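Beneath this line is the structure, given in C-alpha cells, with notes to follow.
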Amino acid sequence: MFYRESGDFKKTYQDDSQTFPIKFDRRRYYVVMAIAFLVLPMFMTDYFANAMMIPFLVWAIAALGLNILVGYCGQLSLGTGGFMAVGAYATYKLMTSFPGMDMFSVVLLSGFVTALVGMIFGLPSLRIKGFYLAVATLAAQFFLVWLLNKVPWFYNYSASGQITAPERSIFGIIITGPHASPITGYLFCLILAVGLAWVARNLTRGRLGRSWMAIRDMDIAAEIIGVNPLMAKLSAFAVSSFFVGVAGSLFFSVYLGAAEVTEAFSINVSFAVLFMVIIGGLGSIFGSFVGAAFMVLMPVLLKNILVGGFGWPTDLAAHLEFIIVGALIVIFLIVEPHGLAQMARVLKEKLRLWPFPH
Amino acid sequence: MSADFLYTVEVILNGLMAGVMYSLVALGFVLIFKASGIFNYAQGVMALFAAMTLVGIQTGQIPFAHLINAVFGTDVHHFGWQVPAFFAIILTVAVMVLFAIIVEKYILHHLVNQEPIILFMATIGLAYFMEGFGDIMWGSEIKTMDVGIPSGGSLWLEEYTVGWAAEGERYWGMYIDKLDMVATAVAIILVVSLTLFSQYTKTGRALRAVADDHQAALSVGISLRAIWVIVWSIAGFVALVAGIMWGAKSGVQFSLSLIALKALPVLMLGGFTSIPGAIIGGLIIGVGEKLFEFAVGPMIGGATENWFAYVLALMFLVFRPQGLFGEKIIERV
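Protein sequence lines, in the order shown, are assigned to chains A and B.
Letter 145 of the first sequence, counting from 1, is numbered 205 in the working numbering, and no numbers are missing.
Letter 296 of the second sequence, counting from 1, is numbered 295 in the working numbering, and no numbers are missing.
Here's what the structure looks like:
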C-alpha cells in the first residue's frame, strides 16, 4: 500500500543509509517541515507561540542534549539545570559585553562555553559510574547555581541578582527583548532545533556515536576493542552540554526574557528534562521531541481543562497536575519502558505489514 | 580554653547532630536499595507524606477537604477532635504499611526485572504523585509538628560550658538544640534495633538473603513480594521518624521533601549498601559542611551548605568509587 519499501530501489550507499528509508516517511518529513516553517507562523497566535511552541522547542533541544549523554553514551546526569544556567549566563554576558554581536553567534558561543564547563564536570565519569555518577553530577547542579548566584560579575552587579535580556537582532529582525514578536522567536528556535537535530542524528550514526554506544553497552568491553573511554565520555559530555547550553541560552533570552538562577534553573529542571528523555525514549532523536512535547503541552492542557473548564482553584489544579504527571510517568514506564519512540517504532512495523500481518 | 576553640567544638557538635538528621533519611534509602536494588528517590517525599499524615490525624483534619469543598461547594476542614500523639503515630505507621502494599502491588510488581534506571524513574514518578496527593489530601500550608519532643537550646549545657572558657573571653556557652539530642538518641536506637532485627530474626535473615541474591532467595522459598512489602514498610517507618524529627525542627512543609537530595551525598560517601555507612557518611557530611561554612564560608560569600556535601562526595568518589563501606564493584566483560 502506501507505507512500503518495495519499489523504492536504492542505487547508492548514500541512499541506502539515509535517515528515512521509506518514501512515505520522507514526504511526511518534508510536510512537517513545511508546516512548521511556513504554515504555522502565519496562523500562530502570540499565546500559542509563547506558551507552547517556544518552550517546546527549547525543551526539545535540552532533551536532545541529555539524550546524547544518557541515551547514547549511558552516563546518567542530573546536572542539566546547572548547565542550562551556564548557557543562559554566558548569553547574558555575551549580549551585554558585545552589543553588536548577532544572536546566532551569541547562542552558539554560549553553547561552546557550556561545553567546556560540561567537560570539566564530565571528568569524574571516568572513575564513577551509574547512580554514583548521577549523584556526582548533582554537584555540578548545585555548585554552578550557587556560583552564578554568588559572583556578582555574572549578573553585571545588578541589585536584584536577575539577568534581563536586552534587545538583540539578526539582520535587523528583533529576536530578544520586550519588543520581539513571539513568531520571530519561534522561527529562531525552530531553525536551531532543526539544525541541532540534524547534527545530533548525523553524529550518533557516525564513528563518534558508535563509540558512545559501545561505551553505553559495556565500557570495559568497548575499551578492549579499542574505543578510547576518555575521548568517548568527554566528547559525549561536551556535545551534550553544548546542546543543553544552547537550550539554556534560548530559554533565558527568547522564552523568559529575564531570569533568576535559583528560580529558573533549579534541580526540578534537571528532573523535567530527564523525564522528557525517558518518556520520549532513550537513544532516540524523535523521542526527545515527543518527550518534550508531552511534558510541555500536558500541563498547559491540564491547566486549561481544570482551571478554565471546571473553574477549580489554581492551587488545587497544580496539585492535581503533580498527581497526573507522576501517575503518567509510572504508567508509561510500566506499559512501555522504552518510551514513546518505541511505540512509534512498533506502529511503523505494523504499518509496513498492514493489511496482511502474516 | 580559648573561645575560638570552643566555637569550633560547638560547630563540630552541631555538625554531628545535623549529620544524624541526614543519616535518618539516608537509612531509608539504604534499606530499599539493599533489598530490591531500587534507588528510591521518593524517600524524602515519603518522609513529608508521613509527617503530613501524622499532623493531619493528630489535629483531626478531614482528608481531601480542599477537593471536597471545590467539587461540592461545601466548607469543611476539621472533624473537631484531637488524637493523642501515640495513637496518631500508630495510625500513621498503618498508613505507611498500606502505602507499601499499594506500591508493591501496583508499581514494583509490574517492573520486576527492569533496568535500574527505569525503576529509579518510576520512583521519581511516585515522588511527584505523592507530592500532589499529600497536598490534596492534607492541604499545602505549613503545619507545625507537635508530638511532645522538647526543642530550643539546652540551658543546662550553656551554663555548664560557660565556665570552660578562659577568664576574660567573651563566651556564652554552647548552643545545642534539645531536639537534635533527641534525634541523635532516636537514630541510635533505630540503627541498633534495625541491626538486631536483620541479624537475629527470621524475617531479617530473609531480608538479607534477598539483598544478597534475588534468585537464590526465591529458590529457597522466600517470597519476594512479601519481603518487598516489609522493606517498604520499614522504609516508611524510617521516613516517619525522619519526618517527625525534621517536621519538629523546621515545620511540615514542601521543603521537607528536598532533604532526600541532601541524603544522596551521604549515601555516596557511605556506599549505597551499608547501614553503618549511612550513619558515618551522614556524620562526615554534617561536620564537613558545618566546618567549611564556619571556616571558609565567610570568605567566598556563604551559603556553601547548598553544594559542599556534593562536591565533598564527588572528590571522595574519585578516589574510592564504591563509597566508604560499599561492596567492591567488580566488573567483568
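Even glycine gets a Cβ: it sits at the ideal position worked out from N, Cα and C.
Just so it is clear, the structure is predicted and the values come from calculations on it, not from any experiment.
Please list the terminal residues of the continuous alpha helix (DSSP H) segment that includes B/K177. Locating residue 177 of chain B in the second sequence gives position 178, where the first residue counts as 1. Residues 177-199.
Count the other CB atoms within 10 Å of the CB of A/P184; is the residue buried (16 or more) or exposed (fewer)? Translated into positions along the first sequence, residue 184 of chain A becomes position 124. Under this definition A/P184 is a buried residue.
Length of the line joining the Cα atoms of A/F303 and B/A312: Locating residue 303 of chain A in the first sequence gives position 243, counting from the first residue. Locating residue 312 of chain B in the second sequence gives position 313, counting from the first residue. Between A/F303 and B/A312, the C-alpha separation is close to 27 Å.
Determine the burial state of B/T73: buried for a count of at least 16 other Cβ atoms within 10 Å of its Cβ, exposed for fewer. Along the second sequence, one-based indexing puts residue 73 of chain B at 74. B/T73 comes out exposed.
Closest by C-alpha distance to A/C133, when choosing among A/S77, A/G182, A/D75: Working through the first sequence from its first residue, we reach residue 133 of chain A at position 73. Measuring from the Cα of A/C133, the nearest candidate turns out to be A/G182.
A/G131 and A/L342 look like a contact to me (Cβ under 8 Å); what is the Cβ gap, rounded to whole Å? For the purposes of this step, residue 131 of chain A is identified with residue 71 of the first sequence, where counting begins at 1. For the purposes of this step, residue 342 of chain A is identified with residue 282 of the first sequence, where counting begins at 1. About 4 Å separates the two Cβ atoms, so the contact holds.
Going by the C-beta, is B/F4 closer than 7 Å to any heavy atom of the ligand MG? With respect to small molecules bound, the structure shown includes none, and the ligand MG cannot be examined in it.
Is the Cβ of B/D74 closer than 8 Å to any Cβ of chain A? To locate residue 74 of chain B, count along the second sequence from 1; it is residue 75. No, because no Cβ of chain A sits closer than 8 Å to the Cβ of B/D74.
Please report the distance separating the alpha-carbon of B/Q57 from that of A/P226. If you number the second sequence from 1, residue 57 of chain B lands on position 58. If you number the first sequence from 1, residue 226 of chain A lands on position 166. Whole-angstrom Cα-Cα distance: 53 Å.
Spatial distance of B/A87 from A/E381 (CA atoms): Numbered from 1 along the second sequence, position 88 holds the residue referred to as residue 87 of chain B. Numbered from 1 along the first sequence, position 321 holds the residue referred to as residue 381 of chain A. Each residue's alpha carbon lies about 29 Å from the other.
Short CB-CB distance (under 8 Å) between A/M163 and chain B: In the first sequence, the residue the question calls residue 163 of chain A occupies position 103. No, its Cβ sits nowhere closer than 8 Å to a Cβ of chain B.
Check whether the Cβ of B/V317 lies closer than 8 Å to any Cβ atom in chain A. Along the second sequence, one-based indexing puts residue 317 of chain B at 318. Chain A contact via Cβ: present.
When burial is assigned at 16 or more other CB atoms within 10 Å of the CB, is A/M291 buried or exposed? Taking the first sequence and counting its residues from 1, one reaches residue 291 of chain A at position 231. So A/M291 ends up on the exposed side.
Proximity of A/L256 and A/I339 at Cβ, strictly below 8 Å: Within the first sequence, residue 256 of chain A is the residue found at index 196, counting from 1. Within the first sequence, residue 339 of chain A is the residue found at index 279, counting from 1. No, the Cβ-Cβ distance between A/L256 and A/I339 is not below 8 Å.
Just curious, the alpha helix (DSSP H) that B/N68 is in, first and last residue? Taking the first residue of the second sequence as 1, we reach residue 68 of chain B at position 69. Start and end: 64-71.
Between the region 125-142 of chain B and the region 44-57 of chain B, do at least 3 Cβ pairs fall closer than 8 Å? yes
Where A/L94 and A/P417 are concerned, what is the direct C-alpha to C-alpha distance, given to the nearest angstrom? The residue you call residue 94 of chain A lines up with position 34 of the first sequence. The residue you call residue 417 of chain A lines up with position 357 of the first sequence. Note on residue identity: the sequence assigns Ala, not Leu, to residue 94 of chain A. Spanning the two alpha carbons is a distance of roughly 33 Å.
C-alpha gap between B/A126 and B/G36, whole angstroms: Here residue 126 of chain B is taken as the residue at index 127 of the second sequence, counted from 1. Here residue 36 of chain B is taken as the residue at index 37 of the second sequence, counted from 1. Cα to Cα, B/A126 sits roughly 17 Å from B/G36.
Could you tell me whether any Cβ in chain A is nearer than 8 Å to the Cβ of B/A302? Taking the second sequence and counting its residues from 1, the one referred to as residue 302 of chain B is at position 303. Judged by the 8 Å Cβ criterion, B/A302 is in contact with chain A.
Quick one, which residues of the region 245-264 of chain B are near chain A if we go by CB-CB under 9 Å, in chain order? L257, L260, L263, P264
Going by Cα to Cα distance, which pick from B/H109, B/I148, B/F315 is closest to A/F392? Within the first sequence, the letter at position 332 stands for residue 392 of chain A. For the residues B/H109, B/I148, B/F315, the minimum Cα distance to A/F392 belongs to B/H109.
For B/F196, which residues in the same chain have their Cβ closer than 8 Å to its Cβ, ignoring the five residues on either side in sequence? Along the second sequence, one-based indexing puts residue 196 of chain B at 197. So the qualifying residues of the chain are T202, G203.
What does the Cβ neighbour count give for A/A163, buried or exposed, with the cut at 16 atoms within 10 Å? Residue mapping note: residue 163 of chain A aligns to position 103 of the first sequence, counting from 1. Correcting the residue identity first, residue 163 of chain A is Met in this sequence and not Ala. Result: buried.
Under 8 Å, Cβ to Cβ, is there at least one residue of chain A near B/I61? Counting from one through the second sequence, the residue named residue 61 of chain B turns up at place 62. Chain A, which has no Cβ nearer than 8 Å to the Cβ of B/I61, makes this no.
Applying the criterion that 16 or more other CB atoms from any shown protein chain within 10 Å of the CB defines a buried residue, is B/E326 buried or exposed? Here residue 326 of chain B corresponds to residue number 327 of the second sequence, with the count starting at 1. So B/E326 ends up on the exposed side.
Would a C-beta distance cut-off of 8 Å place B/L23 and B/V240 closer than the cut-off? Translated into the one-based positions of the second sequence, residue 23 of chain B becomes position 24. Translated into the one-based positions of the second sequence, residue 240 of chain B becomes position 241. For B/L23 and B/V240, yes; Cβs fall inside 8 Å.
Spatial neighbours of A/A111 in its chain, beta-carbon cut-off 8 Å, leaving aside the 5 residues before and after: Residue 111 of chain A sits at position 51 when you count from the first residue of the first sequence. Only V360 meet the Cβ criterion.
Measuring only between beta-carbons, confirm whether B/M120 sits less than 8 Å from chain A. Numbered from 1 along the second sequence, position 121 holds the residue referred to as residue 120 of chain B. Closer than 8 Å to some Cβ of chain A, the Cβ of B/M120 qualifies, so yes.
Just mark A/P397 as buried or exposed, buried being the case when its beta carbon has 16 or more other beta carbons within 10 Å. Mapped onto the first sequence, residue 397 of chain A falls at position 337. Label assigned to A/P397: buried.
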